[in-house]
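Protein chains: 2
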Amino acid sequence: MSGTDTVYDVLGIGNAMMDVLAKVGEGFLSERNLSKGRMTLLDAQSAGKIYADIDPEREVSGGSAANTVAGLASLGADCAFIGKVHDDAFGQAFRRDIGAAGIDFFTEPLLEGPATGRSIVLVTPDAERSMFTYLGAAEHLSVKDIDENIIKSSKIIYMEGYLWEHLESREAVLKACELAHKYKRKTAFTLSDKSCVERYRADLLKLVTEQIDVLFANESELNALFETTDLMDSLDKIKSMVEIAAITRDARGSVVVNGRVKIFVEAEKIENVVDSTGAGDLYAAGFLYGMIQDRSLGTCAMIGGIAASEIISHYGARPEVSLRGFVRNKLLKYGKKA
Amino acid sequence: MSGTDTVYDVLGIGNAMMDVLAKVGEGFLSERNLSKGRMTLLDAQSAGKIYADIDPEREVSGGSAANTVAGLASLGADCAFIGKVHDDAFGQAFRRDIGAAGIDFFTEPLLEGPATGRSIVLVTPDAERSMFTYLGAAEHLSVKDIDENIIKSSKIIYMEGYLWEHLESREAVLKACELAHKYKRKTAFTLSDKSCVERYRADLLKLVTEQIDVLFANESELNALFETTDLMDSLDKIKSMVEIAAITRDARGSVVVNGRVKIFVEAEKIENVVDSTGAGDLYAAGFLYGMIQDRSLGTCAMIGGIAASEIISHYGARPEVSLRGFVRNKLLKYGKKA
Numbered sequence: 651m652s653g654t655d656t657v658y659d660v661l662g663i664g665n666a667m668m669d670v671l672a673k674v675g676e677g678f679l680s681e682r683n684l685s686k687g688r689m690t691l692l693d694a695q696s697a698g699k700i701y702a703d704i705d706p707e708r709e710v711s712g713g714s715a716a717n718t719v720a721g722l723a724s725l726g727a728d729c730a731f732i733g734k735v736h737d738d739a740f741g742q743a744f745r746r747d748i749g750a751a752g753i754d755f756f757t758e759p760l761l762e763g764p765a766t767g768r769s770i771v772l773v774t775p776d777a778e779r780s781m782f783t784y785l786g787a788a789e790h791l792s793v794k795d796i797d798e799n800i801i802k803s804s805k806i807i808y809m810e811g812y813l814w815e816h817l818e819s820r821e822a823v824l825k826a827c828e829l830a831h832k833y834k835r836k837t838a839f840t841l842s843d844k845s846c847v848e849r850y851r852a853d854l855l856k857l858v859t860e861q862i863d864v865l866f867a868n869e870s871e872l873n874a875l876f877e878t879t880d881l882m883d884s885l886d887k888i889k890s891m892v893e894i895a896a897i898t899r900d901a902r903g904s905v906v907v908n909g910r911v912k913i914f915v916e917a918e919k920i921e922n923v924v925d926s927t928g929a930g931d932l933y934a935a936g937f938l939y940g941m942i943q944d945r946s947l948g949t950c951a952m953i954g955g956i957a958a959s960e961i962i963s964h965y966g967a968r969p970e971v972s973l974r975g976f977v978r979n980k981l982l983k984y985g986k987k988a
Numbered sequence: 651m652s653g654t655d656t657v658y659d660v661l662g663i664g665n666a667m668m669d670v671l672a673k674v675g676e677g678f679l680s681e682r683n684l685s686k687g688r689m690t691l692l693d694a695q696s697a698g699k700i701y702a703d704i705d706p707e708r709e710v711s712g713g714s715a716a717n718t719v720a721g722l723a724s725l726g727a728d729c730a731f732i733g734k735v736h737d738d739a740f741g742q743a744f745r746r747d748i749g750a751a752g753i754d755f756f757t758e759p760l761l762e763g764p765a766t767g768r769s770i771v772l773v774t775p776d777a778e779r780s781m782f783t784y785l786g787a788a789e790h791l792s793v794k795d796i797d798e799n800i801i802k803s804s805k806i807i808y809m810e811g812y813l814w815e816h817l818e819s820r821e822a823v824l825k826a827c828e829l830a831h832k833y834k835r836k837t838a839f840t841l842s843d844k845s846c847v848e849r850y851r852a853d854l855l856k857l858v859t860e861q862i863d864v865l866f867a868n869e870s871e872l873n874a875l876f877e878t879t880d881l882m883d884s885l886d887k888i889k890s891m892v893e894i895a896a897i898t899r900d901a902r903g904s905v906v907v908n909g910r911v912k913i914f915v916e917a918e919k920i921e922n923v924v925d926s927t928g929a930g931d932l933y934a935a936g937f938l939y940g941m942i943q944d945r946s947l948g949t950c951a952m953i954g955g956i957a958a959s960e961i962i963s964h965y966g967a968r969p970e971v972s973l974r975g976f977v978r979n980k981l982l983k984y985g986k987k988a
């Protein structure tokens, strides 16, 4: 992918969130009638109730697209991020972390109104994560925050499906797509969450078909988009809608669809999955890194899988090692150029 | 693939054959108890009997590996060929055609003994081809014909499974592999034919595992190698035996296996299949051309499919147009660099 007059490899646009991580027993969710393995949106009060019952292990910067650009930065890419925090302690922590990762983040914080968004991530003993999200300030991302110069300066604009949860941020997505096309930049989008897809199926189908070049999703999100349980059916449908679709399949690896080509890549073998939070975000990071390096789509998927394997080997969705070296090592093991 | 001290992109080693093409009705084969859709070896007398009963449409140069290097030359690659003809009219025609295609061919012809090999290709109305082969002079390819300097000068040494039918040519294959490894050249091999695989299964498994980097086969040949009817099972077995396996699947396209990556590529759509002779040979040509151009494996498979689509749109297994332009046009249509 040849950079012309661009400064950033990838601009991420998403909900700026702090992740509150807590381990809970299998019973915690069922006792409170909380759904497992997906993201549930909460108001401030309900979020406060869960928060009161847990023993937070860590409070770390999160947010799906923010995790992806953090992964990209760790791989060596130049990134920017657009997302809304409040100027509170969580907002300042988010800004500090994303700055420390070397990512440009210029979005004005809220000075009043809702607090910085947070996602309570409950990790059960099977390493499954269940997320309970209070969007807070993130809901107030709007078209005014979509800086035309940053879009113009970015090779790829990566946006998360979670932004579709609120009208203001939805319009921000459409504005970003419009500007990306104006400057002939690539748009990438993740479906983010199965229930999100179920809520906005028609909207998302239209968005993906008309606006998106590179789609990320997991198997169940993609199947939800087409109301099927047959992945092959979904793959045959998505192939004419986007240039590239990269679909993650947990322990079965991933599959990339590019027109008449379908590339199945086995998963990285890892000994102990500690916390699957961020696996999809980091897969996208690795995949996009491969793209900006002009690697083959199979290698993009491998790099995605390698980056994801790092993130699920520990708590939290931001890399704990330099992903650049981590990926290089693995690629060399597979006999690929690093 | 970076060429160091090489002259040729691909050296083909195979049976040097003339193809005698004839259209026959569906009944022709069953009346004579001849098997359909595969290659049957004949002695000179039996071949003569069939020859007497048909009305040959064309007599053209053929031979599996020879067709592949002819395809490669038409794509713009530098090629050489090693194979045995008699210095008779058929042998001279073979030499003239391969020379006209710009391929170096230095193998000494037989001056006495069996005539140049011929393959009677009977094409039924369903475009299926049934081959009846008299190997003749081709059987006498021997280790003495494997020129160390040509192996040393070639990036890829491509050999056909048909060579396993005779002891002398089998030893020539092993010698070529030995020299290829000595000079760190890539070895490529096609399984050629299902019945050939059934006859020499154990031998071919050993050869492929120990000597071959890039394997070509169609689905039924690969399944025969592993005595299964489950392609996924075969693909999982071949992945640890060779670096790359490229498996053709007729109208369902092809699949490439490279370690943990499996790439499924749909077939080229063509309106009218006239004669499937040479489809596998030309797929290999396109695929190897992609490899020497350092294209991604998905693109290699696409180029293979495009080259095959040209050959099955007319009688005979040598290209009738410049494949270079033909492939460029199609790749541009798919939005790929040409």
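Chains as they are written, first to last, in the working numbering: chain L, 651 to 988; chain E, 651 to 988. Just so it is clear, CB atoms sit at the ideal spot from N, CA and C, and this is done for glycine as well. Source: prediction; values computed, not measured.
Between which two residues does the beta strand (DSSP E) holding residue i run?
i                  : result
Lys-805 of chain L : 804 to 810
Gly-610 of chain E : With chain E covering only 651 through 988, there is no way to say anything about residue 610 of chain E.
Lys-834 of chain L : Where Lys-834 of chain L is concerned, there is no enclosing beta strand (DSSP E), given that its DSSP letter is neither H nor E.
Met-952 of chain L : It is not in any beta strand (DSSP E) - Met-952 of chain L instead sits in the alpha helix (DSSP H) that spans 947 to 961.
Ile-897 of chain L : 894 to 898
Ser-711 of chain L : 708 to 711
Ala-929 of chain L : Here Ala-929 of chain L belongs to no beta strand (DSSP E); instead the alpha helix (DSSP H) covers 929 to 942.
Val-771 of chain E : 767 to 773
Asn-908 of chain L : 904 to 908
Asn-922 of chain E : It is not in any beta strand (DSSP E) - Asn-922 of chain E carries neither H nor E in the DSSP assignment.
To which residues of the same chain is residue i closer than 8 Å at the C-beta, ignoring the five residues directly before and after it?
i                  : result
Asp-843 of chain E : Arg-688, Met-689, Gly-811, Tyr-812 and Glu-871
Pro-706 of chain E : Val-670, Leu-671 and Ala-672
Ala-723 of chain L : Cys-729, Ala-751, Gly-752 and Ile-753
Ile-920 of chain E : Ser-959, Ile-962 and Ser-963
In chain C, which residues lie less than 8 Å from residue i when you measure between Cβ atoms?
i                  : result
Phe-914 of chain E : Protein chains in the displayed structure are L and E, and chain C is not among them.
Leaving aside the five residues before and after residue i along the sequence, list all residues of the same chain whose C-beta is less than 7 Å from its C-beta, in chain order.
i                  : result
Ala-702 of chain L : none
Ser-652 of chain E : Here Ser-652 of chain E scores only 47 on pLDDT, less than 50, and its place in the model is too uncertain to base an answer on.
Ser-803 of chain E : Thr-656, Val-657 and Tyr-658
Met-891 of chain E : Val-858 and Thr-859
Leu-973 of chain E : Gly-721, Ser-724, Leu-725, Ala-957 and Glu-960
State buried or exposed for residue i, treating a residue as buried only when at least 16 other CB atoms are found within 10 Å of its CB.
i                  : result
Val-710 of chain L : buried
Phe-756 of chain E : exposed
Thr-859 of chain L : exposed
Asp-659 of chain L : buried
Leu-993 of chain L : Residue 993 of chain L lies beyond the range of chain L shown here (651 to 988); nothing can be said about it.
Lys-836 of chain E : buried
Leu-982 of chain E : exposed
Lys-980 of chain E : buried
Glu-681 of chain E : exposed
Lys-912 of chain L : buried
Lys-987 of chain L : exposed
Gly-975 of chain E : exposed
Ala-593 of chain E : No statement about residue 593 of chain E is possible, as the shown extent of chain E runs from 651 to 988 and does not include it.
Ser-946 of chain L : buried
Leu-922 of chain E : It should be noted that the sequence gives Asn, not Leu, for residue 922 of chain E. It is exposed - the Cβ of Asn-922 of chain E has fewer than 16 other Cβ atoms within 10 Å.
Glu-869 of chain E : buried
Just checking my contact of residue i with residue j at CB under 8 Å: how many whole Å lie between their CB atoms?
i                  : j                  : result
Ala-788 of chain E : Met-667 of chain E : 6 Å
Leu-995 of chain L : Thr-783 of chain L : Outside the displayed range of chain L (651 to 988) lies residue 995 of chain L, so it cannot be described from this structure.
Ile-897 of chain L : Ala-917 of chain L : Not really, about 13 Å apart at Cβ, beyond 8 Å.
Met-882 of chain E : Gly-664 of chain E : The Cβ separation is near 30 Å, so there is no contact.
Leu-791 of chain L : Gly-721 of chain L : About 21 Å separates the two Cβ atoms, so there is no contact after all.
Gly-662 of chain L : Phe-731 of chain L : 5 Å
Val-847 of chain L : Ala-874 of chain L : 4 Å
If you follow the alpha helix (DSSP H) that residue i is in, where does it begin and where does it stop?
i                  : result
Glu-860 of chain L : 851 to 861
Ser-995 of chain L : Shown here, chain L extends from 651 to 988; a query on residue 995 of chain L therefore has no answer.
What does a CB cutoff of less than 6 Å around residue i pick up in its chain, not counting 5 residues either side in sequence?
i                  : result
Ala-895 of chain L : Leu-865, Ile-888 and Val-907
Ala-838 of chain L : Ile-806, Tyr-808 and Val-864
Lys-989 of chain E : Look at the range of chain E in this structure, 651 to 988, and you will see that residue 989 of chain E is not part of it.
Within the present structure, is the beta-carbon of residue i separated from the nearest heavy atom of the ligand NAD by less than 7 Å?
i                  : result
Ala-716 of chain L : Ligands in the displayed structure: none, and consequently the ligand NAD is not present.
Subject >> Given 8 Å, three or more beta-carbon pairs between the stretch 748 to 756 of chain E and the stretch 669 to 676 of chain E >> reply: Judged by pairs of C-beta atoms under 8 Å, the stretch 748 to 756 of chain E does not touch the stretch 669 to 676 of chain E, as fewer than three such pairs exist.
**OP:** Answer yes if the stretch 851 to 867 of chain L comes into contact with the stretch 726 to 737 of chain L, meaning at least three C-beta pairs across the two stretches below 8 Å, and no otherwise.
**Re:** Too few Cβ pairs lie closer than 8 Å, so no.
Original post:
Is there contact between the stretch 959 to 970 of chain E and the stretch 816 to 829 of chain E, where contact requires at least three CB pairs shorter than 8 Å?
Top reply: Proximity of the stretch 959 to 970 of chain E to the stretch 816 to 829 of chain E falls short of the contact definition, fewer than three beta-carbon pairs being nearer than 8 Å.
**OP:** Count the CB pairs spanning the stretch 861 to 877 of chain L and the stretch 830 to 846 of chain L that are closer than 8 Å, and state whether there are at least three.
**Re:** Yes: the two stretches touch, three or more of their Cβ pairs being nearer than 8 Å.
Original post:
Between the stretch 947 to 964 of chain E and the stretch 920 to 935 of chain E, are three or more C-beta pairs nearer than 8 Å?
Top reply: Short answer: they touch.
**OP:** Evaluate the contact criterion for the stretch 915 to 931 of chain L versus the stretch 769 to 778 of chain L: three or more CB pairs, one atom per stretch, below 8 Å.
**Re:** Contact holds: three or more Cβ-Cβ distances are below 8 Å.
Original post:
Taking one C-beta from the stretch 733 to 744 of chain L and one from the stretch 693 to 701 of chain L each time, how about it: are there three or more such pairs within less than 8 Å?
Top reply: No, the stretch 733 to 744 of chain L does not touch the stretch 693 to 701 of chain L.
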